[in-house]
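Chemist: Chains as they are written, first to last, in my numbering: chain A, 1 to 125; chain B, 1 to 967. Just so you know, even glycine gets a beta-carbon here, dropped at the ideal spot from N, CA and C.
1) Along chain A, in chain order, which residues have C-beta atoms closer than 7 Å to that of residue 728 (chain B)?
2) So which of A:43, A:22 and A:84 has the shortest CA-CA distance to residue 861 (chain B)?
3) Pair every Cβ in the segment 842-851 of chain B with every Cβ in the segment 884-892 of chain B, then say whether three or more of these pairs are closer than 8 Å.
4) In the structure shown, what three-state DSSP assignment does residue 690 (chain B) receive?
5) Are there 16 or more other CB atoms within 10 angstroms of the CB of residue 712 (chain B), so buried, or fewer, so exposed?
6) If you draw a straight line from the alpha carbon of residue 823 (chain B) to that of residue 853 (chain B), how long is it in whole angstroms?
7) For residue 12 (chain A), would you say it is in contact with chain B, using Cβ-to-Cβ distances shorter than 8 Å as the test?
8) First and last residue of the beta strand (DSSP E) that includes residue 821 (chain B)?
9) Sort B:849, B:921 and B:312 by Cα distance to residue 805 (chain B) and report the nearest one.
10) So who's on the other strand from residue 116 (chain A), going by DSSP bridges?
11) Just the Cα atoms here: how many angstroms apart are residue 52 (chain A) and residue 79 (chain A)?
12) Helix, strand or coil for residue 81 (chain A), going by three-state DSSP, please let me know.
13) May I ask you to report which of helix, strand or coil DSSP gives residue 24 (chain A)?
14) What are the residues that DSSP puts in a beta bridge with residue 642 (chain B)?
15) Can you check which of these residues, B:692, B:680, B:640 and B:698, is closest to residue 673 (chain B) by C-alpha distance?
16) When you check each C-beta in the segment 49-62 of chain A against every C-beta of chain B, which residues fall closer than 7 Å?
17) Which term fits residue 81 (chain B), buried or exposed, when burial requires 16 or more other beta carbons within 10 angstroms of its beta carbon?
18) Three or more C-beta pairs under 8 Å: does that hold for the segment 31-48 of chain A against the segment 791-802 of chain B?
19) Here's the rule: buried if 16 or more other CB atoms are within 10 angstroms of the residue's CB, otherwise exposed. What is residue 303 (chain B)?
20) Count the other CB atoms, across all protein chains shown, that sit within 10 Å of the CB of residue 786 (chain B); report buried if there are 16 or more and exposed otherwise.
21) Just to confirm my understanding: we take residue 6 (chain A), look at its own chain, exclude 5 residues before and 5 after, and list those with CB closer than 7 Å. What are they?
22) For residue 863 (chain B), which residues in the same chain have their Cβ closer than 8 Å to its Cβ, ignoring the five residues on either side in sequence?
23) Closer than 7 Å by beta-carbon distance: list the chain D residues that pair up with residue 764 (chain B), in chain order.
24) Rounded to whole angstroms, how far is the Cβ of residue 48 (chain A) from the Cβ of residue 88 (chain A), which I believe are closer than 8 Å?
25) Taking 8 Å as the cut-off, decide whether the C-beta atoms of residue 603 (chain B) and residue 686 (chain B) are in contact.
26) Would you check if there are 3 or more beta carbon pairs closer than 8 Å linking the segment 360-377 of chain B to the segment 427-438 of chain B?
27) Under the rule that 16 or more other beta-carbon atoms within 10 Å means buried, what is residue 750 (chain B), buried or exposed?
28) CB-CB under 7 Å to residue 338 (chain B), same chain, minus the five flanking residues each way: which ones, in chain order?
29) Keeping to the same chain, check which residues put their C-beta closer than 6 Å to that of residue 955 (chain B); ignore five residues upstream and five downstream.
30) For residue 663 (chain B) and chain A, any beta-carbon pair shorter than 8 Å?
31) Between the Cα of residue 346 (chain B) and those of B:328, B:412 and B:392, spot the shortest distance and give me the residue it belongs to.
32) If you run the structure through DSSP and keep just helix, strand and coil, what is residue 683 (chain B)?
33) Mind reading off the beta-carbon distance from residue 901 (chain B) to residue 958 (chain B)? Whole number of angstroms is fine, and I expect it under 8 Å.
34) Short of 8 Å Cβ to Cβ, which residues in the segment 743-774 of chain B face chain A?
35) List the residues of chain B that residue 9 (chain A) touches, going by C-beta distances under 8 Å, in chain order.
36) Per the contact definition of three or more C-beta pairs closer than 8 Å, is the segment 734-752 of chain B in contact with the segment 583-593 of chain B?
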């Protein structure tokens with residue numbers, strides 16, 4: 001049972017992840033762009049934030065920077081279509097705990113998340 | 001004279017109608033004149049009538065032939081009806097002449113002799129002539145008024161017009177037919193015609209006989225002067241000896257007595273050696289060897305010459321002693337000159353023999369002075385059949401002694417030189433020939449001295465003198481075959497000249513004889529005519545004879561050259577047509593080894609960067625000679641073929657100087673090196689071994705090789721350029737193809753990136769929502785529904801994987817390149833794959849080149865390629881098998897390349913599938929994306945390499961990845 005925030009400019013993705021994670025028993029909020037996301041982060045104080053890297057307006061990376069500026073503490077998982085390992089490393093060095101590549105492989109996603117944040121995602125139904 | 005000119009023109013050989021018509025004109029005129037000449041001088045009336053008819057036969061055709069020629073010169077068409085009619089009419093006149101008296105009635109006598117009398121129809125003939133004249137004039141005028149006439153033609157026509165007018169004036173002669181007893185000066189006008197036309201020919205190229213005339217004049221002069229000299233000489237000798245002419249010279253009693261034997265042998269020796277020395281001196285070569293030999297031969301020649309005359313002079317004659325003294329004088333010259341020649345020839349240090357030479361010269365000088373006193377030749381007296389010979393004075397024995405000593409010493413020197421080991425085979429042969437020839441010569445010549453001692457060895461004298469002649473002949477042989485003194489060309493020309501003179505003499509003699517015997521009876525005189533006529537004949541045919549003889553002597557003496565030239569022409573033509581380097585070199589090598597019959601042929605070509613010469617072999621001989629090599633430098637300097645002696649000497653000296661091993665060349669047994677230059681650049685050369693026949697290379701061979709090299713130079717250069725052009729073109733095509741491919745990929749990549757991107761989200765939602773639904777598993781969903789949803793998720797995941805792969809592939813190549821070492825990468829990839837698949841019953845064989853193969857590239861991508869291929873290999877051998885890995889170092893179009901081969905012992909690829917190997921999304925694997933090989937191939941291509949797959953069902957699959965590596 002954790003608080004999750006999904007940030008993605010595509011509403012379908014947001015609602016999908018919301019349904020999925022809610023089905024796993026978590027509390028999910030969504031945001032379509034950076035400003036809203038940051039406000040929600042300050043309000044709701046989620047445990048995990050899913051950030052889409054490529055968004056119009058504030059990019060995922062910018063949001064991360066803002067987060068550290070504001071001292072918001074949360075686990076960040078970046079969602080991106082980029083498969084380049086180097087880029088992933090870059091994210092990790094900036095503080096992301098993991099990277100999810102799009103398109104999501106739904107069957108594997110659970111295990112991937114379990115690896116990244118075992119406390120949150122292990123032993124899901 | 002007309003006849004002569006006509007023959008001239010015809011002799012030129014070309015069958016232009018102009019020439020034929022001119023010849024015809026000349027013919028008619030000449031015979032006409034000839035007949036008149038006879039006529040005027042004959043006494044017999046019947047004969048006169050016959051002559052008249054003959055003459056008029058020719059006269060009938062004179063106008064028409066002149067008209068015809070005039071037409072041609074004026075450039076008018078020959079197909080005039082008028083011309084045909086004229087010929088017809090002439091023919092009619094001809095018939096009239098022979099059948100009736102209407103034309104010519106007979107003859108009458110007048111002051112100068114007989115002359116034909118005009119018949120009734122004669123005026124018709126005159127009319128005919130007049131018409132033709134008028135027509136011709138009209139033609140001339142028409143042509144000359146033509147504006148666009150070239151200057152030369154204009155001159156020709158004007159001249160011819162003038163000459164034509166002159167000829168018409170010759171009709172004056174017809175006046176005589178009507179009884180006017182005038183002097184037939186018509187011939188003057190005809191002469192003028194001839195002269196003017198001759199001038200036109202010479203200076204305005206009418207009928208192009210300029211060269212022929214020049215050569216004929218030259219020849220005539222030569223022959224005339226020869227005869228003059230002969231005549232004068234005979235006359236002079238006659239005078240001096242009061243007609244006691246040298247009996248030996250008359251061919252009849254040549255072998256009737258021993259005196260003539262002697263004379264003949266002396267004369268032969270004289271002639272031959274004189275000719276040889278003259279030839280050598282003519283060469284104007286500054287070589288001391290040539291001079292020495294020439295003088296030596298000259299001395300012997302002069303000795304023989306004086307001897308030839310001297311022995312025929314009766315000893316009572318007051319000049320006899322001088323003949324003999326002069327003979328002896330030259331005999332005294334022989335020993336020192338002989339020694340000088342030898343010393344120069346064997347190239348020994350002058351100092352060693354300087355004392356010897358000095359002594360011999362001093363002694364000779366003393367003896368020469370003494371020669372003119374009675375000390376040596378006291379007197380002359382008959383010896384056996386000789387009319388005069390030496391009667392010894394007190395010092396004569398000294399002379400004999402000196403002579404013998406010189407000969408012996410000379411022979412010793414020669415013998416030593418012959419025995420001395422030397423690598424120069426040519427020199428050796430020359431020396432040995434010289435030794436034996438000289439031996440024979442002196443064996444034959446020395447007994448002459450015995451005559452002075454009143455001893456005559458029966459057979460040896462005088463036939464021994466022929467030994468000297470043999471010596472002369474041997475020299476000729478050596479000259480030809482062994483390039484001794486290099487005068488083959490001069491000898492050839494001499495032979496031709498001799499041939500010509502002999503032919504001339506023959507003709508002259510025959511005609512003179514014929515005329516003298518036959519015609520004297522009729523005419524009453526004939527000598528001069530005969531002489532002139534025969535001279536004329538000879539002069540005319542000289543050109544033809546000259547050419548004929550030239551070809552014949554060429555063929556006989558220089559048969560090889562003739563043959564070579566024929567083949568060389570073929571080769572040159574072949575080379576001009578072929579542009580393929582391989583074929584050109586093949587052609588050259590074929591000619592050298594087959595036609596010229598040379599062993600060990602090596603054709604060396606300058607390589608791309610002009611740094612060295614590589615032998616172009618169809619085999620794999622890769623002998624390389626550096627551009628800075630002394631051999632090459634030497635060739636550049638001399639720009640001529642280097643021959644055995646020079647070559648080996650050079651190689652030896654180079655080796656000594658540089659301590660470098662030229663064994664490649666020496667092992668080549670190279671005898672000749674022939675360079676080929678294009679303008680000033682040395683582009684190739686041939687190294688040639690011995691001739692298969694074992695003979696030495698003579699001048700003919702060298703000339704031929706030079707010609708070949710010259711022809712080859714451009715051909716080879718062309719072929720080489722063509723070759724490299726072709727290669728560049730191929731390269732360019734390949735690179736273009738690659739570029740196009742990359743462009744295609746880039747575009748495709750961009751497109752697929754966009755598609756993938758757009759596709760990924762909807763896809764995710766499909767799968768995601770299905771999963772969500774699945775996880776909300778409750779009693780609401782049936783088993784069927786669950787299965788359905790699972791399938792949806794599974795398939796959308798599959799699609800997602802594909803899209804990911806596509807996205808990965810289509811990403812613009814970001815990231816820096818790094819140095820990737822192939823062996824290391826391969827092994828690493830193997831480690832990645834091997835544990836993954838976990839097949840332990842696969843035997844791995846490795847064959848790696850020791851050289852490191854590294855390139856600048858994207859390591860990650862290359863690794864993906866190797867991993868992909870290795871995985872395929874392993875998956876092809878689920879039951880185990882053999883995996884052969886190999887790394888080769890190769891040289892390809894772009895330079896150094898590394899080739900990675902991965903071969904499995906699996907079932908191989910079906911030919912049907914083979915064509916789809918690299919087609920994206922085509923896979924034989926159940927869960928395969930079908931992208932593996934496609935992406936791999938493109939990665940390799942992006943690195944400027946190639947990925948090839950070879951496979952046959954049952955024989956396993958071999959994947960070869962070729963990548964350009966750093967040198």
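Modeler: If we stick to the structure as given:
1) Here the premise fails: no neighbours, minimum Cβ distance about 38 Å.
2) A:84
3) yes
4) coil
5) Taking a 10 Å sphere around the C-beta of residue 712 (chain B), we find 16 or more other C-beta atoms and assign the residue as buried.
6) 7 Å
7) yes
8) 818-821
9) B:921
10) Answer by DSSP bridge pairing: none, since residue 116 (chain A) is not bridged.
11) 5 Å
12) coil
13) coil
14) Beta-bridge pairing links residue 642 (chain B) to B:673.
15) B:640
16) none
17) exposed
18) no
19) buried
20) exposed
21) For residue 6 (chain A), where only same-chain residues beyond five positions count, the Cβ hits under 7 Å are 14, 17, 18, 28, 30 and 50.
22) Contacts found: 825, 828, 829 and 832.
23) Here chain D cannot be found, since the structure's protein chains are A and B.
24) With a Cβ gap of about 17 Å, residue 48 (chain A) and residue 88 (chain A) do not count as contacting.
25) yes
26) no
27) exposed
28) 296, 406 and 410
29) 908
30) Because residue 663 (chain B) carries a pLDDT of 45, less than 50, the predicted location of this residue cannot be relied on, and the following value inherits that uncertainty. So no, residue 663 (chain B) is outside the interface.
31) B:412
32) DSSP places residue 683 (chain B) within a strand segment (E or B) once states are collapsed to three.
33) The Cβ separation is near 6 Å, so the contact holds.
34) 756, 757, 759, 760, 761, 762, 763, 764, 765, 767, 768, 769, 770, 771 and 772
35) The contacting residues do not exist; residue 9 (chain A) stays about 10 Å from chain B at best.
36) no
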